[in-house]
Amino acid sequence: MSYTMNRVIQNAGFAEVDERTRKALADRGFGILTEIDVKATMKKKLDKDMLAYTILGACNPNMAWEAIGVEPRVGAMLPCNVILRETTEGVEVSAVDPVSSMTAIGNKQLEEIAGEVRDMLSEVVNAI
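As structure tokens, this is what we get:
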């Protein structure tokens, strides 16, 4: 079982894919709670160079509300991360598969909610 849903966008720059990703997330009810510029962080902390790499911590408030309602500690596994990374083939977008992570908890109601979120994130990846 893969733990991410992936798509490589060719013939588009990193900034354009970033913008398209944010729009696709917003169109499906997700907001960005956190953002990490991994490239800048690695340069600053380790003086290492790498291709562009950003982690977006996305959250759909309605789905988070449902998940917390059935499993109060699930917040330790939120938000849903979406990464954008520059590759030689193009810009890869990867979204976490929440079913993969939520299965470990062993709560059937939570797994159903995670399935809905997975479908939403799959739509996001396909819409970019």
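The sequence shown: position 68 = 82 (the numbering used here), numbered continuously.
Ideal placement from N, C-alpha and C gives every residue a C-beta, glycine not left out.
If you look at I127, you'll find it isn't in any beta strand (DSSP E); it sits in the alpha helix (DSSP H) that goes 122–141. The residues L124, E125, A128, in chain order, have a CB closer than 6 angstroms to that of M116 in the same chain once the five nearest residues on each side in sequence are set aside.
For T68, there is no enclosing alpha helix (DSSP H); the residue is part of the beta strand (DSSP E) that begins and ends at 67–73.
The beta carbons of A109 and C94 sit about 7 angstroms from each other, so the pair counts as a contact at 8 angstroms.
K62 has its alpha-carbon roughly 32 angstroms from the corresponding atom of F44. If you draw a straight line from the Cα of V131 to the Cα of K57, it comes to about 33 angstroms.
For S16, the secondary structure class from DSSP, reduced to helix, strand or coil, is coil. The three-state reading of DSSP puts D51 in strand, counting E and B together. Ranked by Cα distance from C73, the options L60, E49, E85 are led by E49. Straight-line measurement puts the Cα of G120 at about 32 angstroms from the Cα of I142.
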